[in-house]
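For reference, the structure is listed below as C-alpha cells.
Structure representation (C-alpha cells):
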C-alpha cells in the first residue's frame with residue numbers, strides 16, 4: 001500500500017510552526033524550572049539533614065560509643081536519649097541511627113526506636129564510606145526501598161583521639177519532594193496548554209493577514225494565466241508581502257503593456273495574412289468570372305454549419321482561411337478546361353482532380369496558411385470514399401473539409417456555370433439531402449438542413465449586393 005502524504009495549506013503550516021515553537025520554548029523553560037526545583041529541594045533537604053547529623057554526631061561521646069556491648073548498657077541509653085532529643089527538637093519522624101563498619105557492611109549500634117537493631121547489618125553506601133573515612137558529612141540523593149522514597153545524611157562520630165569510630169544516620173521521607181515535583185510538572189503541562197491556546201488565538205489575525213494576502217496574489221496569478229491583465233494587486237500589510245505585491249503589480253502592468261503590444265502586432269499580421277489570402281482568392285475569381293462570390297458564399301455557409309455543429313471558435317477561424325483558399329489549386333489548371341461548356345474528357349477530368357494537390361503545393365511552407373491545408377487538400381473527398389485526391393472515407397476526412405465539401409457543392413448547384421444554369425434552391429437542398437451518407441457526412445447534412453433558411457438568406461443578400469454594384 002502506497003504511503004499517502006498529508007498536504008497542509010499555508011495557514012495550517014504557520015499554526016503548526018507556532019505551536020511547535022511555543023511547545024519547544026515552554027518545554028525548555030519548564031524542564032529548566034523542573035530540574036532546578038528538584039535540585040534546590042534535594043540540596044536544601046541534604047544540607048538540613050547533614051546539619052542535623054553533624055550536630056547530633058558532635059553531641060555523642062565517641063569513647064562511650066566504643067564501649068557499648070548491649071542495649072542495656074548505660075552508654076547506650078545515654079546516647080539514645082541524646083539522639084531522641086535531637087530527633088524531637090528537629091521534628092524528625094524517622095529514627096536516627098548510629099552504625100559502625102563490619103567488614104563490607106554497616107552494623108547498627110543505636111536506634112532512637114525501641115526496637116532492637118544492635119548488631120543488625122546493612123549494605124554500605126558510598127556516602128557511608130565517605131563519612132567513615134573521616135571526610136566529613138555526606139548525603140544521598142532520593143532513593144527508593146520497600147518503605148518508600150528517602151534521603152539520608154551521614155556524619156562521623158569520633159573518639160577522644162579523633163578517630164572515627166561510627167557514623168550517625170539521619171533519614172527523611174522524600175515523598176513531599178516527589179509531590180512538589182509532580183505539582184510543578186502538572187503546572188508546566190497546564191501552562192503549556194494555556195500558552196499554546198493563547199498563542200494560536202493571538203496568531204489567527206496574523207495568519208489571516210498573511211494567507212489573505214497570498215490568496216490575493218494567487219487570484220491575480222490565475223487571472224494572468226487566463227489572460228486577464230486588468231486586475232490590480234493592492235496589499236497594504238507593511239511587510240515583505242506588501243513588497244512582493246508591489247513587485248507583482250509591476251509585473252502585471254508590464255505584462256499588460258507587452259500583451260497589448262503583441263496583440264496589436266498580431267492583429268496587424270493577421271490582417272496582412274488575410275489580405276494576402278483575399279488577394280489570392282481574387283486571382284482565382286479574375287481567372288474564372290463565373291465563380292465570383294463563390295468564396296464569400298462558401299465561407300459564410302460553412303461558418304453557419306460549423307456553428308450549428310458546435311465546432312470550436314479556433315476551428316471556425318481555420319475554416320475561414322480554408323474556404324478562401326479551397327480552390328487556389330485551380331490557378332494551375334488550364335482555363336479552357338475550367339470554362340469548358342461541354343462534358344470534360346477523361347484526361348481533362350483527371351487534370352481537374354489535380355487542383356487539391358496543386359493547392360496544397362502552393363500554400364506549403366507558408367506558416368500562416370498551414371491551418372487551411374486540410375480543407376484545400378480534402379474538400380473534394382466523398383463520405384463514402386469515392387472522392388479525390390486520396391479517396392478518404394468517413395471520419396478519416398477532416399471535419400472542416402467535410403463541411404466545405406457540402407457548401408462547395410451547394411453553391412455550385414445554385415450558381416450559373418458555363419456548362420449549365422443554376423439549380424433552384426429547393427431542388428439543390430433536396431439533392432444535398434439525397435446524398436446524405438454517400439457524398440456528404442450525415443452530421444453535416446443534418447446541420448445544413450437546420451440552418452438552410454439562414455443559408456438561403458445569406459445567398460440572397462450577397463446576390464443583392466452584387467446586383468447593386470452592377471447598377
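Residue numbers (the working numbering): 1 to 471. Glycine included, C-beta positions come from ideal geometry on N, C-alpha and C.
Run of the beta strand (DSSP E) containing residue 106, from where it starts to where it stops: On the chain shown, position 106 is the one that residue 106 refers to. Segment 105–111, the beta strand (DSSP E) holding residue 106.
Environment of residue 128 [buried if 16+ CB atoms lie within 10 Å]: Stepping through the chain shown from its first residue, residue 128 is reached at position 128. That one is buried.
Straight-line gap, residue 442 to residue 391 (C-alpha atoms, nearest Å): If you number the chain shown from 1, residue 442 lands on position 442. If you number the chain shown from 1, residue 391 lands on position 391. The alpha-carbon atoms of residue 442 and residue 391 are separated by roughly 18 angstroms.
Pick from 459, 450, 395 that is closest to residue 438, judged by C-alpha positions: Residue 438 sits at position 438 when you count from the first residue of the chain shown. Measuring from the Cα of residue 438, the nearest candidate turns out to be 395.
DSSP-derived helix/strand/coil call for residue 449: Locating residue 449 in the chain shown gives position 449, where the first residue counts as 1. Residue 449: helix per DSSP, three-state reduction.
For residue 36, the three-state DSSP class (helix, strand or coil): Here residue 36 corresponds to residue number 36 of the chain shown, with the count starting at 1. Of the three classes helix, strand and coil, the one that applies to residue 36 here is helix, per DSSP.
Residue 79 burial status per 10 Å Cβ neighbour count (16 or more: buried): For this step, residue 79 is matched to residue 79 along the chain shown. It counts as buried.
Unbroken alpha helix (DSSP H) run spanning residue 97, endpoints: Within the chain shown, numbered from 1, the residue matching residue 97 stands at position 97. Counting along the chain, residue 97 sits inside no alpha helix (DSSP H); it lies in the beta strand (DSSP E) bounded by residues 96–102.
Spatially closest choice to residue 151 from 35, 108, 406, 93, by CA coordinates: Residue numbering aside, residue 151 sits at position 151 when the chain shown is read from its first letter. The option with the nearest alpha carbon to residue 151 is 93.
Residue 101 versus residue 43 - alpha carbon distance: Residue mapping note: residue 101 aligns to position 101 of the chain shown, counting from 1. Residue mapping note: residue 43 aligns to position 43 of the chain shown, counting from 1. Cα to Cα, the separation comes out at about 27 angstroms.
Euclidean distance between Cα positions of residue 256 and residue 315: Working through the chain shown from its first residue, we reach residue 256 at position 256. Working through the chain shown from its first residue, we reach residue 315 at position 315. So the alpha carbons of these two residues sit roughly 27 angstroms apart.
Residue 307 - containing alpha helix (DSSP H), residue span: Here residue 307 is taken as the residue at index 307 of the chain shown, counted from 1. Counting along the chain, the alpha helix (DSSP H) containing residue 307 begins and ends at 294–308.
For residue 168, the first and last residue of its enclosing beta strand (DSSP E): Indexing the chain shown from 1 puts residue 168 at position 168. Note, residue 168: beta strand (DSSP E), 164–173.
Beta-carbon gap between residue 122 and residue 138 smaller than 8 angstroms: Taking the chain shown and counting its residues from 1, one reaches residue 122 at position 122. Taking the chain shown and counting its residues from 1, one reaches residue 138 at position 138. With contacts defined by Cβ atoms closer than 8 angstroms, residue 122 and residue 138 do not form a contacting pair.
Counted within 10 angstroms of its Cβ, other Cβ atoms place residue 457 as buried (16 or more) or exposed: Working through the chain shown from its first residue, we reach residue 457 at position 457. Result: exposed.
Simplified DSSP state of residue 410, which is helix, strand or coil: Within the chain shown, residue 410 is the residue found at index 410, counting from 1. Residue state, collapsed to three classes: helix.
Residues bridged to residue 436 [DSSP beta-bridge criterion]: Here the question's residue 436 lines up with position 436 in the chain shown. In DSSP, residue 436 forms a bridge with 440.
Residue 219 to residue 200 span [Cα, whole Å]: What you label residue 219 is simply residue 219 of the chain shown in a count that begins at 1. What you label residue 200 is simply residue 200 of the chain shown in a count that begins at 1. Rounded to whole angstroms, residue 219 to residue 200 spans 27 angstroms at the Cα level.
CA-to-CA distance, residue 324 to residue 460, given in whole angstroms: Indexing the chain shown from 1 puts residue 460 at position 460. Indexing the chain shown from 1 puts residue 324 at position 324. Computed Cα separation, rounded: 20 angstroms.
CA-to-CA distance, residue 380 to residue 369, given in whole angstroms: Position 369 of the chain shown holds residue 369. Position 380 of the chain shown holds residue 380. Approximately 19 angstroms between the Cα atoms of the pair.
Which of helix, strand or coil DSSP assigns to residue 149: Here the question's residue 149 lines up with position 149 in the chain shown. Reduced to three states, the DSSP call for residue 149 is strand.
Residue 262 versus residue 222: straight-line alpha-carbon distance, rounded: Residue 262 sits at position 262 when you count from the first residue of the chain shown. Residue 222 sits at position 222 when you count from the first residue of the chain shown. Their Cα atoms are separated by approximately 20 angstroms.
Sheet register partners of residue 139 (DSSP bridge): Your numbering for residue 139 matches position 139 in the chain shown. Looking at the DSSP assignment, residue 139 forms a beta bridge with 153.
Residue 50 classed as buried or exposed, judged by whether at least 16 other C-beta atoms fall within 10 angstroms: Mapped onto the chain shown, residue 50 falls at position 50. Result: buried.
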